[in-house]
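Report on the structure given below.
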Amino acid sequence: MKKYTYLLFVTMIGLVISCDDNDDPIPVNEEELITTVRLELTPQGGGTAIILESRDVDGLGPDDPVITVSSPLTVSQTYVGEMELLNESVTPSEDITEEVQDEGDEHQFFYQLSQDLATISYADTDENGDPIGLSIQVETTAVGTANLTITLRHEPNKSAAGVSDGDISQAGGETDVQVVFPIEVE
Amino acid sequence: MKYILIFAMAMLSSSMVGQNCQYVCIGEVSDFHDGSSLVGATIYIKELDKYIATDLQGKFKINDLCAGTLTLVVSHVGCIPKTVTITIDGDVYKRINLEHHTENLEEVTLHAIGNKTTASGQETRLKQEQLERYSGGELGDALKEISGVNSLNTGNNIVKPVINGLHSSRVLIMNNGVRLQDQEWGVEHAPNIDLSTAEHVMVVKGASALAYGGDAVGGVVIMNPATIRAKDSLYGQTVLSGHSNGRGISGSTSLTKSYESGWFISGQASVKRFGDAEAPDYFLTNSGLKSNAFSVRGGFKSFEQGVNFYYSYIDNEIGILKASHIGNISDLVNAIASDEPLVQDDFSYAINAPKQDVKHHLAKVNYFKRFENLGRLNLQYDYQNNRRQEFDIRVGEDRDKAALDLALQTHSFSADFKLDANHMRIFNTGLSFAYQENVPDPNTGVRRLIPDYEKIDFGAFVTGLWNFDNGMQIDAGVRYDFNRMDAKKFYLKSRWDERNYQNDFSRFIIDELESQYLTNPIFDYHNFSGMLGLQYFHKDNWQAGVNYSLANRAPNPSELFSDGLHHSAARIELGDLRLKQETSNRVGLTVEYTDEQASVKLEGYYNFINDYIFALPNGIEQTIRGAFPVWEFSQADAGIFGLDFMAVVPVVPRLTFANNTSYIRGTNLDADLALIDIPPFQTQNTLTFKQPKWKDFSLSLKSEWVFEQSRYPNLNFEQFIPSDQTFVEVDISTPPQAYHLIHLHSQIQFDLKKNRKLRLGLKIDNVLNTNYRNYLNRQRYFADEMGRNISLQVKLNY
């Protein structure tokens, strides 16, 4: 028994040491990462669209998102807003908007203005008749500057008080996106 | 001249004859705990410089003794030698009790000094009856019966042992002689162990148990299965419990067949099914547990040699409180501000995301051989395979895909030699070699939190134990460990620059992609550890010891390489390649009194840890998701001082009072701040009534009083909440209030035919359904702890 045990040990040591593949790991294809939030506001009746974009290409890396607003809004105008979510860390870039649309009942966008410069209302619904917020309508009412905070909540409680009207306070759920745009209405 | 000599000799001889030297000393050597006789115990009679042994009844007889004192050094294979002083002033009967839990055929590895691993180290063993109360529970919960041991929880199913304020990589867990390798660096990673497999559970505080490793800065938890005796028998045990909280069922069963020839085989299986736990006011949604485990061992052992194998498998599916899974800092602020968890559903057994799914295989082959007049050689090979998947709440096709998928494999070889031919000087020496490979699956679609790595460990140690006639023991040991960490990791270029690695670590870069570097960090660590201790036995009852230990711990993969978002903590954690190893210098003092009825033990310790590694907040990073605080791993000198007290004293016949009290004070010496996550002062008082005549009835009432931790670092910060357009103070530091809980336990045992035993137990935890939160539960921001839990246990021995 002793002899065999020693042999077994030596064989096992040999096997373990020889098993060593030096393949490098492959980079991760980050599928769900949202790097870009784009809100395109097209004035009703035609005209140049205003683009609000937040881009954080390194995802959870240290670089801050780059926030741009293409131009100021005009007062007393109605804009049709379309939200777009992209993953630009991969080539070709991935359209996350579709996934949110497909699982519309589990997502809702909230738009909050720090000053009462405009009225924002939902222009789309999910399968249950509750808003999603990928399509909105913005009616500018006053001149000035304000912060527009766009929050995307995953699995919010859409039936809680005020949530379907755009009030985030009772919504709950998990924040997937939160961007603050400095906007100006003139 | 000749006549003077003869006269002198005559005088001398007459004086000798005049002295009465016909006294007899009869004695009995038995096991301290169960009173069983110890056969073949060796007794060294110092005054006669002679060895005798106890007979088959454990008895011995020494004739022709002169009046005076007799010093006996009593030892038994696998026991700490005990020195006994007897006054001979007539015929004497002496009963000697030895701390003896293992018979001489026990083959558990590294039982250097019997049931105690070191002589002077601070060790406590869980009693059988304490262990059995935790059937259906977790190892971390059972260990809290020992003063000075707490737990770090993530909910009620993830329980990590905390020894004297230290946990995770600083606590080694030995499962049947195998050092558990299961991603223990994670604060949310519970040890993958089935408590039902263990009959012997012991905690060694500090690094004195050098045979197991040189990096046990906190201590070692040693778990061993039941001893199997070499006699023809077939026996088994089945335990079934029902639990009201979580509407859970747990069961475990084992069967053992042993032969007089020394062959044995034993199998064991456990099952746990728990649904959502319940706090006094609400359900803790998604806190269920599903666990399956089985183990088998077998082999042959005689006194001279033995070979055995052991295989165990455990599969745990653990739900993580839904309300604790948050998006960003705003979500955390909302959760902290709310008195109740933000997700409360009706009861369900379903375990959904977020959850953990961990499978652990452990296999071991062990061979030992005794060499006459020399000692014992032990050889072991063990293999572990751990697969850990962590599921997040995800969208679309990735719904059911794990966000973290780690495969960890460890091979380990060890050889030990114990020289115990001379009971006065016992030496133990050993070599060990381990190879570990960690592979995180890139198909998760989430950047790896921990990278691919290979780790090689080599260790060598020598320990010695010296016994002296005056009741003193000295033990000492040295150990050397070599660790090599060889990782392959992707760093975002932006992160690489932010960490300032360009200057110091550019040699590690092996490939460059569009936005990332592929690096190959390789680190070598040389660790020296040692211990020195003195233990003094006074008469039969008192023991005092002082112990010094030195331990070195290399940084773990999380401390070096962490690079990502820790969801349930809503923070980004960053490792640091520059971290050096920790060095711990620990001094412990123990005083202990034991007699047949009472035992009192006081342990004091000071652990000075140079370059103690811990995470500290440092700024905020903005991402598309919002803002997250960044916690970085850094090093500082720390000092931990503590006192652990335990006592069991009889009050009146059949009524016993027990107390466990512990105090820990941890300080970051460089910053003069308190250390984070130090357990607060706590005291447990238990009254137990036992009436053996009523079918072994016992009833105990326990009061658990945990004070508020007033010493903590204030790491609160101000955070701008965009949805409210305000600044809010995020209070992540303030510990919860003090709390007091009452627990009840009662049991009764029936002796059935054919040596079968049936035991019924009733356990009520948190009898008063008290609301409370525990500072060491990472989910204390979100919900209260469990409310009342009534468990009924049926145990059958056959």
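Order-wise, the sequence lines are chains A and B. The first sequence begins at 128 in this note's numbering and counts up by one. The second sequence begins at 1032 in this note's numbering and counts up by one. Cβ atoms here follow ideal geometry from the backbone N, Cα and C, with glycine treated the same way. These numbers were taken from a predicted model, which means no experiment stands behind them.
Asked, Found
"Per-residue DSSP class, three states only, for residue 1648 of chain B", "strand"
"Whole-angstrom distance between residue 1339 of chain B and residue 1402 of chain B, CA atom to CA atom", "18 Å"
"Partners in chain B for residue 309 of chain A, counting only beta-carbon separations shorter than 8 Å", "Ordered by position in chain B, no residue passes the 8 Å Cβ test against residue 309 of chain A, which lies about 12 Å from the chain."
"Whether residue 1292 of chain B touches residue 1152 of chain B by CB criterion (8 Å)", "no"
"Short CB-CB distance (under 8 Å) between residue 1481 of chain B and chain A", "no"
"Extent of the continuous alpha helix (DSSP H) run through residue 1589 of chain B", "1588 to 1592"
"Assigned exposure category for residue 1099 of chain B - 16 Cβ within 10 Å defines buried", "exposed"
"Contacting residues, own chain, Cβ-Cβ under 8 Å from residue 1375 of chain B (five flanking each side not counted)", "1313, 1314, 1316 and 1354"
"Span of the alpha helix (DSSP H), counted from its first residue to its last, around residue 1368 of chain B", "1360 to 1368"
"Proximity test, Cβ basis, 8 Å: residue 1653 of chain B and chain A", "yes"
"Extent of the continuous beta strand (DSSP E) to which residue 1295 of chain B belongs", "1294 to 1305"
"Exposure label - residue 293 of chain A; buried when at least 16 CB within 10 Å", "buried"
"Chain-ordered neighbours of residue 1009 of chain B on chain A, where CB pairs are closer than 7 Å", "Because chain B is modelled from 1032 through 1829, residue 1009 of chain B falls outside the range shown and cannot be assessed."
"First and last residue of the uninterrupted beta strand (DSSP E) at residue 181 of chain A", "177 to 182"
"Backbone CA spacing between residue 1471 of chain B and residue 1191 of chain B [nearest angstrom]", "23 Å"
"Nearest-angstrom Cβ-Cβ length linking residue 1694 of chain B and residue 1673 of chain B, presumed shorter than 8 Å", "6 Å"
"Nearest to residue 1445 of chain B (by Cα), restricted to the options B:1420, B:1414, B:1438 and B:1423", "B:1414"
"Own chain partners of residue 257 of chain A with C-beta closer than 6 Å, once the 5 adjacent residues on each side are dropped", "285 and 291"
"First through last residue of the alpha helix (DSSP H) which encompasses residue 1290 of chain B", "Note, residue 1290 of chain B: premise wrong, no alpha helix (DSSP H); not H, not E."
"Pairwise C-alpha distance: residue 1255 of chain B and residue 1139 of chain B", "Any reading at residue 1139 of chain B must be qualified, since the residue scores a pLDDT of 32, below 50, and its modelled position is unreliable; the value itself is stated next. Cα-Cα distance, rounded: 8 Å."
"Three-state secondary structure assigned by DSSP to residue 1778 of chain B", "strand"
"Short Cβ contact (8 Å threshold) for residue 1207 of chain B with residue 1390 of chain B", "no"
"is_contact[residue 178 of chain A, chain B] using C-beta, thresh 8 Å", "no"
"Buried versus exposed, by CB contacts within 10 Å (16 or more), residue 1541 of chain B", "exposed"
"Nearest candidate by alpha-carbon position, reference residue 1113 of chain B, set B:1567, B:1591 and B:1749", "B:1567"
"Under 9 Å from the C-beta of residue 1425 of chain B: neighbouring residues of chain A", "159"
"Sub-8 Å separation of residue 267 of chain A and residue 311 of chain A beta-carbons", "no"
"In DSSP terms, what residue 1547 of chain B is bridged to", "B:1523"
"Proximity test, Cβ basis, 8 Å: residue 286 of chain A and chain B", "no"
"Three-state secondary structure assigned by DSSP to residue 1313 of chain B", "coil"
"Buried versus exposed, by CB contacts within 10 Å (16 or more), residue 1823 of chain B", "exposed"
"Proximal residues to residue 1557 of chain B (C-beta, below 7 Å), its chain only, five neighbours per side dropped", "1513"
"Residue 1639 of chain B versus B:1596, B:1679, B:1688 and B:1579, residue with shortest Cα-Cα distance", "B:1579"
"Beta-carbon proximity list for residue 1059 of chain B, same chain, < 6 Å, skipping 5 on both sides", "1089, 1090 and 1126"
"Chain B within 8 Å of residue 155 of chain A, Cβ atoms only", "yes"
"Delimiting residues of the beta strand (DSSP E) encompassing residue 236 of chain A", "234 to 240"
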